[in-house]
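Everything on this sheet refers to the single structure shown next.
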Amino acid sequence: TADGRIHAADDPLATIGAWGTTSRPRLRLLSSIPGRPALSSGSTVQIQRMGNPLFNELLIGTGDKDRWSQSAPADDAQFADYALDPLLARVLNAVYDATVSNGVLPVPTPPRTDLLPLVQYMPPIAAPGTPPGPVADLLRLNTGIPATPAQQRSRLGFLTLLDEDPNNDDPAGF
126 TADGRIHAAD DPLATIGAWG TTSRPRLRLL SSIPGRPALS SGSTVQIQRM
176 GNPLFNELLI GTGDKDRWSQ SAPADDAQFA DYALDPLLAR VLNAVYDATV
226 SNGVLPVPTP PRTDLLPLVQ YMPPIAAPGT PPGPVADLLR LNTGIPATPA
276 QQRSRLGFLT LLDEDPNNDD PAGF
């Protein structure tokens, strides 16, 4: 947490956000002589980042993927429209003529405020009353929620909600 302390799950300070990046040297010179190592110089340049799995692959438009990959989550407000109006949802509705009357459940229309917990600090991950903060692709974790004991974990995760077992109350399987 920001203050390094353990907080209860209902405390706004209990939720953290994390992401990872991949960087490479700005310049890499390959040798034409067999066995001679490549020379790398210059500062590193970020070439990819990852917060929520498949966020870039499924939501960010093709023309902005490189720019998104090289930016920091603090700059994600410029990509908010991709999260609140995903192109993939529009395509699925168009291809499958998704209407309740023909038996295909349509993907909700924009703005997709149901996706806000993925890009802001909001319940059910963050405690109620937590400031939402800016739109940012981060993995959010409420550190106040204890881990599920090993003997109760399930690799099926949220699929355990599909059975009638009342003991399957942890959809994340943690």
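This note's numbering numbers the first residue of the sequence shown as 126 and each following residue consecutively. The beta carbon of each residue, even a glycine, is placed where N, CA and C say it ideally should be.
Inset, instruction - Mind the definition here: the stretch 156-165 touches the stretch 265-283 only if three or more C-beta pairs lie below 8 Å; say whether that holds. - result: Cβ pair count under 8 Å is below three, so no.
Legend entry - Alpha-carbon spacing of residue 299 relative to residue 278, whole angstroms: Along the sequence shown, one-based indexing puts residue 299 at 174. Along the sequence shown, one-based indexing puts residue 278 at 153. Confidence at residue 299 is low in this model, with a pLDDT of 46, below 50, so its placement is unreliable and no value can be given for it.
Inset, instruction - Use the C-beta contact count for residue 255: other C-beta atoms within 10 angstroms, 16 or more gives buried, fewer gives exposed. - result: For this step, residue 255 is matched to residue 130 along the sequence shown. In this structure residue 255 is buried. Its beta-carbon is surrounded by 16 or more other beta-carbon atoms within 10 angstroms.
Inset, instruction - Alpha carbon to alpha carbon, how far is residue 136 from residue 199? Give it in angstroms, no decimals. - result: Taking the first residue of the sequence shown as position 1, residue 199 is located at position 74. Taking the first residue of the sequence shown as position 1, residue 136 is located at position 11. Roughly 23 Å separates the two Cα atoms.
Inset, instruction - Let me know the secondary structure DSSP gives residue 150 once reduced to three states. - result: Locating residue 150 in the sequence shown gives position 25, counting from the first residue. Strand at residue 150.
Legend entry - Beta-bridge pairing of residue 265 - partner residues as DSSP gives them: For the purposes of this step, residue 265 is identified with residue 140 of the sequence shown, where counting begins at 1. Residue 265 is bridged by DSSP to 142.
Inset, instruction - Taking 8 Å as the threshold, find out whether the stretch 205-223 comes into contact with the stretch 176-188 through three or more Cβ pairs. - result: Touching, yes.
Inset, instruction - Could you name the residues of the same chain whose beta carbon sits closer than 7 Å to that of residue 139, not counting the 5 residues immediately before and after it, in chain order? - result: Residue 139 sits at position 14 when you count from the first residue of the sequence shown. 126, 132, 133, 252, 267, 268 and 269, listed in sequence order.
Inset, instruction - Compare the beta carbon distance of residue 212 and residue 176 with 8 Å and say whether it is the shorter of the two. - result: Mapped onto the sequence shown, residue 212 falls at position 87. Mapped onto the sequence shown, residue 176 falls at position 51. Cβ atoms of residue 212 and residue 176: not closer than 8 Å.
Legend entry - Sequence-distant residues of the same chain with beta carbon closer than 8 Å to residue 194, five excluded per side: Here residue 194 is taken as the residue at index 69 of the sequence shown, counted from 1. Once the five neighbours on either side are set aside, the close Cβ partners of residue 194 are 171, 172, 173, 174 and 181.
Legend entry - Nearest-angstrom Cα separation, counted from residue 280 out to residue 259: Numbered from its first residue, the sequence shown carries residue 259 at position 134. Numbered from its first residue, the sequence shown carries residue 280 at position 155. Here the alpha carbons of residue 280 and residue 259 stand approximately 33 Å from one another.
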